[in-house]
Amino acid sequence: QEVFEVKNVDLKVGDKMKIKGKIADDASRFCLDMGKDSQELGLHFNPRFHDDVDGAVIVCNSKRGGCWGSEQRDPNFPFQKGEMVKVREVAQRSNHVSLTVSLSVSLSQSLSLSQSLSVHIEGICLCVSLTVSLSQFTVKVLSDCFEIELPSGHIVVFPNHLSLDKISYIRVKGDFKVLSFKFD
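For the sequence shown, this note's numbering begins at 50 and goes up steadily by one.
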């Protein structure tokens, strides 16, 4: 199981970050944790390719004082095993930060599918957009909730129990290998 953790993250307007990684070909689950530290997570975003209860499902949760809250499960599942993830840039645009990520899935030796992911930070809103086969997947971190819009248009609303307005801790673990991570 891969674990990638970055502490004391303080992304400011104009900062640049690069991440490259891959979802394992035989993935069962991975998670992206965002919060203040490992004991204070505003969002535990946990795609599970096969859950004993729900099959392929996205599980969201939060952690306060080291204690997990109640799980929220959603069966809308846009992820594919074997996807390559490349964060290309974080660029300053007036008063917000934009993060662009591309995902590519090898369909054969001569054909590949490209997808993209964008993150925008404006004030207390962090928006993550993921294009999946001409559909868009968006996560907004608001002061009172996380709004997750899946490619089907279905919206998952998960409370922002910590009222986060910035992310200072990032962890990726499970069947996702971070190949590179860099702040410029």
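Where a beta carbon is used, it is the ideal one built from N, C-alpha and C, also for glycine. None of the values given here were measured: they were computed from a predicted structure.
Straight through space, the alpha carbons of Val227 and Asp75 are spaced by roughly 16 Å. Scanning the stretch 91-141 from its first residue to its last, the whole beta strand (DSSP E) runs of 3-plus residues come out as 104-113, 121-123. Looking only at Ser87, Leu92, Ala105, Asp123, the smallest Cα-Cα distance to Glu54 is reached by Ser87. In this structure, Gly91 sits near Asn209, with a CB-CB distance shorter than 8 Å. Gly84 is positioned such that its CB atom lies closer than 8 Å to that of Tyr218.
Per DSSP, the unbroken beta strand (DSSP E) holding Lys85 starts and ends at 79-86. In this structure, the CA atom of Val108 is about 25 Å from the CA atom of Asn57.
The continuous beta strand (DSSP E) containing Ile204 extends over residues 204-208. The three-state secondary structure of Val221, taken from DSSP, is strand.
Excluding the 5 residues flanking it on each side, Phe128 has same chain C-beta neighbours closer than 6 Å at Pro96, in chain order. If you look at Val58, you'll find it isn't in any beta strand (DSSP E); DSSP assigns it neither H nor E. In the structure shown, the three-state DSSP call for Ile216 is coil. Secondary structure of Leu228 (DSSP, three-state): strand.
Linking Leu81 to Gly223 through their CA atoms gives a straight-line distance of about 9 Å.
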